[in-house]
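These notes concern the structure reproduced below.
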Amino acid sequence: MTWVALTYHVPVDSAELVTDALVSNGATGVEVTDQEQTVDLTVYLEENDDFTKNYQAFDRALKHLQATGVSLPEILPSQRQLEPSDWENNWKEYYHASRITRQLTVVPAWEDYQRQQSDEKLIIMDPETAFGTGTHPTTSLMLQVIETVVRGGEKVLDVGTGSGVLAIAAKLLGVDYVLGTDIDQAAVGTAQQNLSLNPVAQDIDLVVSDLLKQVPDHDFDIIMANILADVIEPLIPQAKDHLVTGGYFLVSGIYENQAAMIEKNLLNQGFKIIERLSRGPWYAYITQKEG
1 MTWVALTYHV
11 PVDSAELVTD
21 ALVSNGATGV
31 EVTDQEQTVD
41 LTVYLEENDD
51 FTKNYQAFDR
61 ALKHLQATGV
71 SLPEILPSQR
81 QLEPSDWENN
91 WKEYYHASRI
101 TRQLTVVPAW
111 EDYQRQQSDE
121 KLIIMDPETA
131 FGTGTHPTTS
141 LMLQVIETVV
151 RGGEKVLDVG
161 TGSGVLAIAA
171 KLLGVDYVLG
181 TDIDQAAVGT
191 AQQNLSLNPV
201 AQDIDLVVSD
211 LLKQVPDHDF
221 DIIMANILAD
231 VIEPLIPQAK
241 DHLVTGGYFL
251 VSGIYENQAA
261 MIEKNLLNQG
271 FKIIERLSRG
281 PWYAYITQKE
291 G
């Protein structure tokens with residue numbers, strides 16, 4: 001497996017907008033390196049059949065930003081090919097333990113990290129990309145939401161579990177049962193590897209499912225989904241059917257220009273919006289199924 005590092009050199013005041021544009025168009029993580037007058041934003045893409053499609057999506061997104069007046073003197077990135085061993089070493093240098101919430105800290109499996117306080121809970125991860133490790137705003141927002149809502153003993157459904165980070169967090173915070181889903185067996189396999197690193201997560205169940213189509217027909221106290229808005233939209237009515245009355249539907253991954261649409265759909269399906277959270281242009285919601 002060969003990876004390519006694409007590095008975009010952008011002005012400091014444009015870095016956040018460019019980062020959001022890259023993530024919104026498929027980047028699973030952006031490495032940020034400060035220079036004297038600019039910022040280097042590096043995206044890692046696997047050199048496979050999707051490489052050209054992903055590269056072109058980034059190019060279109062940055063040209064759109066440039067057309068709207070964002071300062072981007074340079075759009076074309078520098079490219080560097082990484083051999084598998086280089087990729088592994090580069091990633092491990094970039095990714096370190098990160099305190100995400102008051103209680104939750106995400107720790108890479110190779111790092112020797114000691115708890116800083118007695119109630120700190122460690123999520124051990126061995127990721128291949130940044131997305132899902134807790135460092136991206138959508139994931140950190142959802143971890144914050146989970147910590148706010150969980151009281152202990154709940155039955156939880158994690159839709160699009162990805163790396164498994166949210167499912168592990170829920171177990172650490174005291175839920176009784178977690179079922180995680182993802183779209184294909186490869187994704188489920190990735191989650192399973194991370195679950196195996198966390199003793200508390202050994203009884204989490206994982207299934208391959210297109211949204212909730214293959215999910216057993218029983219009610220959950222909490223359904224959580226950290227996925228993009230165009231996937232959350234069809235999930236909303238399905239989530240309602242799988243929640244107990246008064247159960248919580250937690251969603252993240254919603255870009256600011258799609259927030260109003262998601263809110264409207266939630267309200268139309270009988271969800272009460274308890275809290276709206278944001279970090280930069282990203283939104284997350286705590287909602288509750290009304291009786």
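For what it's worth, UniProt numbering labels the leading residue of the sequence shown as 1, then goes sequentially.
We put the CB at the ideal spot given by N, CA and C, even for glycine.
1. Nearest to G291 by alpha carbon, out of Q269, R276, G246?
2. Mind checking whether G26 and A5 have CB atoms under 8 Å apart?
3. Counting along the chain, where does the beta strand (DSSP E) carrying V40 start and finish?
4. What is the DSSP secondary structure of Q288, reduced to helix, strand or coil?
5. Suppose only complete runs of 4+ residues qualify. What are the alpha helix (DSSP H) ranges in the stretch 160-208, listed by chain order?
6. What is the rounded straight-line gap between the Cα of A130 and the Cα of I146?
7. Determine the DSSP secondary structure at Y8, reduced to helix, strand or coil.
8. Rounded to whole angstroms, what's the CA-CA distance from T181 to V215? Just pull it up for me.
9. What does a CB cutoff of less than 8 Å around Q202 pick up in its chain, not counting 5 residues either side in sequence?
10. Assign N265 to one of three DSSP states: helix, strand, or coil.
11. Would you decide whether H218 is buried or exposed? Buried here means 16 or more other CB atoms lie within 10 Å of its CB.
12. Beta carbon of Y177, beta carbon of V156: below 8 Å?
13. Is Q288 buried or exposed, if buried means 16 or more other CB atoms sit within 10 Å of its CB?
14. If you follow the alpha helix (DSSP H) that R60 is in, where does it begin and where does it stop?
15. What does the alpha-carbon distance come out to for the pair L243 and L250?
In this structure, then:
1. Locating residue 291 in the sequence shown gives position 291, counting from the first residue. For G291, the nearest C-alpha among the options comes from G246.
2. Looking up residue 26 in the sequence shown gives position 26. Looking up residue 5 in the sequence shown gives position 5. No, Cβ-Cβ distance for G26 and A5 is not below 8 Å.
3. Residue numbering aside, residue 40 sits at position 40 when the sequence shown is read from its first letter. One detail in the question is off: residue 40 reads as Asp in this sequence, not Val. Taken as a continuous stretch (DSSP letters only), the beta strand (DSSP E) holding D40 covers 38-46.
4. By 1-based counting over the sequence shown, the position of residue 288 is 288. Q288: strand per DSSP, three-state reduction.
5. 165-172, 185-195
6. For this step, residue 130 is matched to residue 130 along the sequence shown. For this step, residue 146 is matched to residue 146 along the sequence shown. Reliability of the predicted coordinates at A130 is poor, the pLDDT of 46 falling under 50, and no value is obtained from them.
7. Taking the first residue of the sequence shown as position 1, residue 8 is located at position 8. Three-state result, Y8: strand.
8. Numbered from its first residue, the sequence shown carries residue 181 at position 181. Numbered from its first residue, the sequence shown carries residue 215 at position 215. When the Cα atoms are used, T181 and V215 turn out to be separated by approximately 8 Å.
9. Position 202 of the sequence shown holds residue 202. Closer than 8 Å at the Cβ level, and outside the excluded window around Q202, lie L195, S196.
10. Position 265 of the sequence shown, counted from the first residue, corresponds to residue 265. N265 falls in the helix class under three-state DSSP.
11. For the purposes of this step, residue 218 is identified with residue 218 of the sequence shown, where counting begins at 1. H218 is exposed by the Cβ-count criterion.
12. As a position in the sequence shown, residue 177 is number 177, starting the count at 1. As a position in the sequence shown, residue 156 is number 156, starting the count at 1. Taking 8 Å as the Cβ cut-off, Y177 and V156 qualify as a contacting pair.
13. Working through the sequence shown from its first residue, we reach residue 288 at position 288. Note on Q288: 16 or more other CB atoms within 10 angstroms of its CB, so buried under the neighbour-count rule.
14. Within the sequence shown, numbered from 1, the residue matching residue 60 stands at position 60. Run containing R60: 51-67, per the alpha helix (DSSP H) assignment.
15. To locate residue 243, count along the sequence shown from 1; it is residue 243. To locate residue 250, count along the sequence shown from 1; it is residue 250. In a straight line, the C-alpha of L243 is about 11 Å away from that of L250.
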